[in-house]
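Reading through the C-alpha coordinates given below for one structure.
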Amino acid sequence: MEVTIKTSDIDTWDVGCSVGTDLKEDLDQTHLNLGILANHLCPVRKAGKPNQENKSQTLTALAKEIGVDRSWLSNAASNAKFFEGAYEVTPPQASIQDLNRARRLSGWKPKLDRDPFKFEMKIAMAYLEGQVDEEPKAPPTAISYVRGARSKLGKALEHEDPLEPQDVTTVEIAKDNLDVVDSHYESEDE
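In C-alpha coordinates, the structure reads:
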(Lines of atoms letter the chains of each structure in order from A; the text may use other names.)
(Lines give C-alpha, C1' and ligand atoms only; values in the text may rest on other atoms or scores of the structure.)
Protein backbone atom coordinates (compact mmCIF):
# COMPACT_ATOMS: atom_id res chain seq x y z
CA MET A 4 0.00 0.00 0.00
CA GLU A 5 1.37 3.38 -0.95
CA VAL A 6 0.83 6.30 1.41
CA THR A 7 1.23 9.62 -0.40
CA ILE A 8 0.42 12.12 2.34
CA LYS A 9 3.37 13.98 3.84
CA THR A 10 2.44 15.60 7.12
CA SER A 11 5.69 17.58 7.07
CA ASP A 12 4.18 19.63 4.21
CA ILE A 13 1.10 20.49 6.28
CA ASP A 14 2.05 23.53 8.33
CA THR A 15 -1.36 25.05 9.12
CA TRP A 16 -4.86 23.93 9.97
CA ASP A 17 -6.20 25.40 6.72
CA VAL A 18 -3.66 23.50 4.62
CA GLY A 19 -4.55 20.30 6.50
CA CYS A 20 -8.26 20.85 5.88
CA SER A 21 -7.57 21.46 2.19
CA VAL A 22 -5.60 18.21 1.95
CA GLY A 23 -8.41 16.42 3.80
CA THR A 24 -10.99 17.78 1.36
CA ASP A 25 -8.94 16.54 -1.60
CA LEU A 26 -8.58 13.09 -0.04
CA LYS A 27 -12.32 12.94 0.67
CA GLU A 28 -13.10 13.84 -2.96
CA ASP A 29 -10.75 11.06 -4.08
CA LEU A 30 -12.60 8.64 -1.80
CA ASP A 31 -15.98 9.73 -3.21
CA GLN A 32 -14.71 9.30 -6.78
CA THR A 33 -13.33 5.87 -5.91
CA HIS A 34 -16.72 4.95 -4.43
CA LEU A 35 -18.56 5.84 -7.63
CA ASN A 36 -15.90 4.31 -9.88
CA LEU A 37 -16.05 1.00 -7.99
CA GLY A 38 -19.85 1.18 -8.24
CA ILE A 39 -19.62 1.63 -12.01
CA LEU A 40 -17.20 -1.30 -12.20
CA ALA A 41 -19.53 -3.46 -10.07
CA ASN A 42 -22.49 -2.65 -12.32
CA HIS A 43 -20.40 -3.53 -15.37
CA LEU A 44 -19.08 -6.83 -14.00
CA CYS A 45 -22.28 -7.85 -12.15
CA PRO A 46 -25.13 -6.58 -14.33
CA VAL A 47 -27.68 -8.97 -12.80
CA ARG A 48 -28.23 -8.24 -9.13
CA LYS A 49 -30.74 -10.56 -7.53
CA ALA A 50 -31.26 -11.61 -3.95
CA GLY A 51 -30.74 -15.23 -3.07
CA LYS A 52 -28.26 -17.79 -4.29
CA PRO A 53 -26.69 -17.15 -7.70
CA ASN A 54 -26.92 -19.60 -10.58
CA GLN A 55 -23.90 -21.87 -10.87
CA GLU A 56 -22.87 -20.15 -14.13
CA ASN A 57 -23.07 -16.66 -12.49
CA LYS A 58 -21.61 -17.62 -9.11
CA SER A 59 -18.30 -15.88 -9.76
CA GLN A 60 -20.02 -12.76 -11.13
CA THR A 61 -21.77 -11.54 -7.99
CA LEU A 62 -21.21 -8.46 -5.87
CA THR A 63 -20.21 -10.74 -3.02
CA ALA A 64 -17.54 -12.42 -5.16
CA LEU A 65 -16.28 -9.07 -6.48
CA ALA A 66 -16.17 -7.52 -3.00
CA LYS A 67 -14.21 -10.49 -1.71
CA GLU A 68 -11.84 -10.41 -4.69
CA ILE A 69 -11.01 -6.69 -4.35
CA GLY A 70 -11.07 -6.65 -0.55
CA VAL A 71 -13.98 -4.34 0.27
CA ASP A 72 -17.10 -4.78 2.36
CA ARG A 73 -19.99 -6.23 0.32
CA SER A 74 -22.57 -3.76 1.65
CA TRP A 75 -20.24 -0.83 0.87
CA LEU A 76 -19.81 -2.12 -2.70
CA SER A 77 -23.56 -2.66 -3.01
CA ASN A 78 -24.18 0.96 -1.98
CA ALA A 79 -21.51 2.09 -4.45
CA ALA A 80 -23.20 0.13 -7.25
CA SER A 81 -26.62 1.51 -6.30
CA ASN A 82 -25.33 5.08 -6.15
CA ALA A 83 -23.51 4.69 -9.48
CA LYS A 84 -26.69 3.36 -11.12
CA PHE A 85 -28.94 6.01 -9.57
CA PHE A 86 -26.70 9.02 -10.31
CA GLU A 87 -25.63 7.76 -13.77
CA GLY A 88 -25.96 10.68 -16.17
CA ALA A 89 -26.06 13.17 -13.28
CA TYR A 90 -22.47 12.99 -12.03
CA GLU A 91 -21.65 16.47 -13.34
CA VAL A 92 -24.60 18.12 -11.57
CA THR A 93 -24.13 16.25 -8.29
CA PRO A 94 -22.84 18.77 -5.71
CA PRO A 95 -19.10 18.20 -5.18
CA GLN A 96 -19.47 18.46 -1.39
CA ALA A 97 -21.86 15.48 -1.32
CA SER A 98 -20.38 12.66 0.72
CA ILE A 99 -20.93 8.96 0.20
CA GLN A 100 -23.42 9.04 3.08
CA ASP A 101 -25.22 11.98 1.44
CA LEU A 102 -25.51 10.05 -1.83
CA ASN A 103 -26.88 7.02 0.04
CA ARG A 104 -29.46 9.14 1.91
CA ALA A 105 -30.51 11.08 -1.18
CA ARG A 106 -31.02 7.89 -3.18
CA ARG A 107 -33.04 6.28 -0.40
CA LEU A 108 -35.12 9.42 0.18
CA SER A 109 -36.10 9.41 -3.50
CA GLY A 110 -37.74 6.01 -3.10
CA TRP A 111 -35.73 4.44 -5.93
CA LYS A 112 -34.31 0.97 -5.31
CA PRO A 113 -31.93 -1.08 -7.47
CA LYS A 114 -34.37 -3.99 -7.49
CA LEU A 115 -36.79 -1.82 -9.48
CA ASP A 116 -34.49 -2.60 -12.44
CA ARG A 117 -35.06 0.77 -14.10
CA ASP A 118 -33.46 4.17 -14.27
CA PRO A 119 -34.73 6.69 -11.73
CA PHE A 120 -37.67 8.83 -12.77
CA LYS A 121 -37.15 12.60 -13.08
CA PHE A 122 -39.12 13.29 -9.90
CA GLU A 123 -36.93 10.81 -7.97
CA MET A 124 -33.78 12.52 -9.21
CA LYS A 125 -35.31 15.89 -8.31
CA ILE A 126 -35.93 14.73 -4.72
CA ALA A 127 -32.37 13.42 -4.43
CA MET A 128 -30.79 16.58 -5.85
CA ALA A 129 -32.93 18.80 -3.61
CA TYR A 130 -31.68 16.85 -0.61
CA LEU A 131 -28.05 17.09 -1.75
CA GLU A 132 -28.42 20.84 -2.27
CA GLY A 133 -29.78 21.21 1.27
CA GLN A 134 -33.32 22.13 0.24
CA VAL A 135 -34.92 19.04 1.77
CA ASP A 136 -34.51 17.73 5.29
CA GLU A 137 -34.64 14.03 5.91
CA GLU A 138 -37.83 13.12 7.72
CA PRO A 139 -37.19 11.66 11.16
CA LYS A 140 -37.76 7.94 11.28
CA ALA A 141 -40.76 6.93 13.37
CA PRO A 142 -39.88 4.50 16.14
CA PRO A 143 -41.27 0.98 15.73
CA THR A 144 -44.65 0.33 17.28
CA ALA A 145 -45.12 -2.20 20.05
CA ILE A 146 -47.12 -4.46 17.74
CA SER A 147 -44.25 -4.48 15.23
CA TYR A 148 -42.06 -6.03 17.93
CA VAL A 149 -44.78 -8.61 18.63
CA ARG A 150 -44.96 -9.44 14.91
CA GLY A 151 -41.18 -9.71 14.71
CA ALA A 152 -41.09 -12.10 17.68
CA ARG A 153 -43.89 -14.17 16.14
CA SER A 154 -41.97 -14.37 12.86
CA LYS A 155 -38.79 -15.49 14.63
CA LEU A 156 -40.69 -18.16 16.55
CA GLY A 157 -42.04 -19.44 13.22
CA LYS A 158 -38.50 -19.62 11.85
CA ALA A 159 -37.34 -21.47 14.96
CA LEU A 160 -40.03 -24.10 14.38
CA GLU A 161 -38.91 -24.57 10.75
CA HIS A 162 -35.15 -24.54 11.47
CA GLU A 163 -33.04 -27.41 10.11
CA ASP A 164 -31.56 -27.94 13.59
CA PRO A 165 -34.81 -28.95 15.35
CA LEU A 166 -35.77 -28.16 18.91
CA GLU A 167 -36.47 -30.84 21.49
CA PRO A 168 -40.12 -32.04 21.31
CA GLN A 169 -41.09 -30.43 24.64
CA ASP A 170 -39.53 -27.13 23.47
CA VAL A 171 -41.44 -27.29 20.16
CA THR A 172 -44.70 -27.39 22.12
CA THR A 173 -43.66 -24.41 24.26
CA VAL A 174 -42.65 -22.37 21.20
CA GLU A 175 -45.91 -23.27 19.40
CA ILE A 176 -47.93 -22.09 22.41
CA ALA A 177 -45.96 -18.82 22.55
CA LYS A 178 -46.47 -18.26 18.81
CA ASP A 179 -50.21 -18.98 19.16
CA ASN A 180 -50.42 -16.44 22.00
CA LEU A 181 -48.68 -13.83 19.84
CA ASP A 182 -51.13 -14.63 17.00
CA VAL A 183 -53.97 -13.75 19.38
CA VAL A 184 -52.30 -10.45 20.35
CA ASP A 185 -51.68 -9.61 16.68
CA SER A 186 -55.28 -10.36 15.73
CA HIS A 187 -56.41 -7.51 18.01
CA TYR A 188 -54.42 -5.06 15.87
CA GLU A 189 -55.14 -6.35 12.35
CA SER A 190 -58.34 -4.32 12.01
CA GLU A 191 -56.42 -1.13 12.89
CA ASP A 192 -53.91 -1.78 10.09
CA GLU A 193 -56.57 -1.97 7.39
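The sequence shown maps to residues 4 to 193 in the working numbering. Think of the CB as a built atom: it goes at the ideal place given N, C-alpha and C, for glycine as much as any other residue.
DSSP on W111, reduced to helix/strand/coil?
Within the sequence shown, numbered from 1, the residue matching residue 111 stands at position 108. The answer is coil: DSSP assigns W111 none of H, G, I, E or B.
Just the C-alpha distance for G41 and S21, rounded to the nearest angstrom, thanks.
For this step, residue 41 is matched to residue 38 along the sequence shown. For this step, residue 21 is matched to residue 18 along the sequence shown. Checking the sequence, you will find Ala at residue 41 rather than Gly. Looking at the two C-alpha atoms, the distance is approximately 30 Å.
Closer than 7 Å by C-beta to W75: which residues in its own chain qualify, once you throw out the five before and the five after it? Chain order, please.
Translated into the one-based positions of the sequence shown, residue 75 becomes position 72. Closer than 7 Å at Cβ, skipping near neighbours: no residue.
Whose C-beta lies closer than 6 Å to the C-beta of A79 among residues of the same chain, with five residues either side of it excluded?
The residue you call residue 79 lines up with position 76 of the sequence shown. So the qualifying residues of the chain are H34, L37, G38.
Alpha carbon to alpha carbon, how far is D72 from E5? Give it in angstroms, no decimals.
In the sequence shown, counting from the first residue as 1, residue 5 sits at position 2. In the sequence shown, counting from the first residue as 1, residue 72 sits at position 69. Their Cα atoms are separated by approximately 20 Å.
Classify A89 as helix, strand or coil using the three-state DSSP reduction.
On the sequence shown, residue 89 is found 86 positions in, with the first residue counted as 1. Coil at A89, not helix or strand.
What three-state label does DSSP hand Q169 in the structure shown?
Reading the sequence shown from its first residue, position 166 is the one you call residue 169. In this structure, Q169 counts as helix in the three-state DSSP scheme.
Would S109 be called buried (16 or more neighbouring beta carbons within 10 Å of its own) or exposed?
Taking the first residue of the sequence shown as position 1, residue 109 is located at position 106. S109 is buried by the Cβ-count criterion.
Can you tell me whether DSSP reads C45 as helix, strand or coil?
As a working mapping, residue 45 is identified with position 42 in the sequence shown. Three-state DSSP puts C45 in coil, outside helix and strand.
Whole angstroms is fine: what's the gap from D12's alpha carbon to M128's?
Here residue 12 is taken as the residue at index 9 of the sequence shown, counted from 1. Here residue 128 is taken as the residue at index 125 of the sequence shown, counted from 1. Cα to Cα, D12 sits roughly 37 Å from M128.
What distance in whole Å lies between the Cβ atoms of V174 and L156, which are believed to be in contact at a cut-off of 8 Å?
As a position in the sequence shown, residue 156 is number 153, starting the count at 1. As a position in the sequence shown, residue 174 is number 171, starting the count at 1. Their Cβ separation, rounded to whole angstroms, is 5 Å, which keeps L156 and V174 in contact under 8 Å.
Kindly indicate which three-state DSSP category D25 falls into: helix, strand or coil?
For the purposes of this step, residue 25 is identified with residue 22 of the sequence shown, where counting begins at 1. Note: D25 maps to helix in three-state DSSP.
Reducing DSSP to helix, strand and coil, say where A64 ends up.
Your numbering for residue 64 matches position 61 in the sequence shown. Three-state DSSP puts A64 in a helix.
Would L131 and A97 qualify as a contact pair, given that the criterion is a beta-carbon distance under 8 Å?
The sequence position of residue 131 within the sequence shown is 128, counting from 1. The sequence position of residue 97 within the sequence shown is 94, counting from 1. Going by C-beta atoms, L131 is nearer than 8 Å to A97.
Name the residue from I99, E167, R104 whose alpha carbon lies nearest to the alpha carbon of Q32.
Counted from its first residue, the sequence shown places residue 32 at position 29. The residue with the shortest Cα to Cα distance from Q32 is I99.
If you run the structure through DSSP and keep just helix, strand and coil, what is H187?
Position 184 of the sequence shown, counting from 1, holds the residue named residue 187. Correct three-state label for H187: helix.
From what residue to what residue does the alpha helix (DSSP H) around E123 run?
Along the sequence shown, one-based indexing puts residue 123 at 120. Here the alpha helix (DSSP H) through E123 covers 121-131.
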